[in-house]
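In my numbering, the protein residues as written are 219 to 557.
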Ligand SMILES: [Zn+2]
Ligand SMILES: [Zn+2]
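And the structure:
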């Protein structure tokens, strides 16, 4: 169960245990005090449930306000403008950014995120099992297509506004650095799958349905799966432990009749990995090493249950039910490019 720490009470934990849950993942951020973390840790441990912390890395409103130049860019494609009809097209000497996404793919942001994790870990008592670090890829709509699950690119044919890493291993190095901070505790990077064929523009679908999410961009059969594979492979080559996968069907806008039931898309995340990694020169990821994160907020009790069941059917190592929001949205901001 993923929840805000204030919701991790003795009573709640007993109910979760009765419901078959085996662990608690408490959101770790600046909004909650050390005292709140102390009482939630006590409640979790008292019931014998494993305790983990969830740190949102890539989407950081504080850092984005403080350093707009560290934000992830919306790439050269302008299809994202259709999602934001009131937004302005960036002019000369400007670049559009995905507020409040501050990806680790800029050196400055990478270091700032690590320093923040140091500060956050000081808030929690030591007896936890591991930490989950979310959104270690690029920002959404990274090529400019507008798709929330287009995370592969950094400054796609637009000027950089900070020091960008050229290699695909920023997440791998980030996870290693976090691991060094927590010693033998488990570190679980959490990943989003990239755009898929049903996101392609209509004319590339041969009469099949489309979500329209990639606008006019044909990235699902272009760079996305290739770079996704390179980045995921760089991560899993050095990180031998578990990896989380975001399967938030409503948050990511994945409720369509063509997926079947409201929760029908959840299994597609695994199917995407099973197909994309081997097809692009990578290695299939054993499902036992994957932790699937499903949406338990802004859904009915029945829908949460259906989400848990469809996740469990995929044979993953663990299912995390998110009752705290894992916001994946963005809004465009224009940032000047300094010479
Ligand atoms: Zn894209
Ligand atoms: Zn794409």
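Beta carbons are placed, not taken as given, at the ideal position from N, Cα and C, and that holds for glycine.
When 469, 280 and 495 are compared, the shortest CA-CA separation from residue 484 is found for 469. Per DSSP, the unbroken beta strand (DSSP E) holding residue 551 starts and ends at 549–554. Residue state for residue 312 is assigned as strand, using DSSP reduced to three classes. The region 521–534 and the region 338–353 do not touch, with fewer than 3 CB-CB distances between them shorter than 8 angstroms. A distance of 8 angstroms or more separates the beta carbons of residue 405 and residue 354. In the displayed model, residue 280 falls within a helix according to three-state DSSP. By the rule of a C-beta closer than 5 angstroms to any heavy atom of ligand 2, the residues picked out are 368, 413, 437 and 442. Beyond the five residues adjoining it in sequence on each side, residue 540 comes within less than 8 angstroms, by CB distance, of 220, 466, 511, 512, 513, 514 and 515 in the same chain, given in chain order. With a 10 Å radius around the Cβ and a threshold of 16 neighbouring Cβ atoms, residue 315 comes out buried. In this structure, the C-beta of residue 435 approaches ligand 1 to less than 7 angstroms from one of its heavy atoms. Taking 8 angstroms as the cut-off, the Cβ atoms of residue 438 and residue 413 count as close. When C-alpha distances from residue 411 are compared across 331, 368 and 257, the shortest belongs to 368. Selection 473, 384, 312 and 502 evaluated against residue 556 yields 312 as nearest (Cα-Cα). In the three-state scheme derived from DSSP, where H, G and I count as helix and E and B as strand, residue 317 is classed as strand. Setting aside the 5 residues that flank it on each side, residue 444 is surrounded in the same chain by 498, each with a C-beta closer than 6 angstroms to its C-beta; the list follows chain order.
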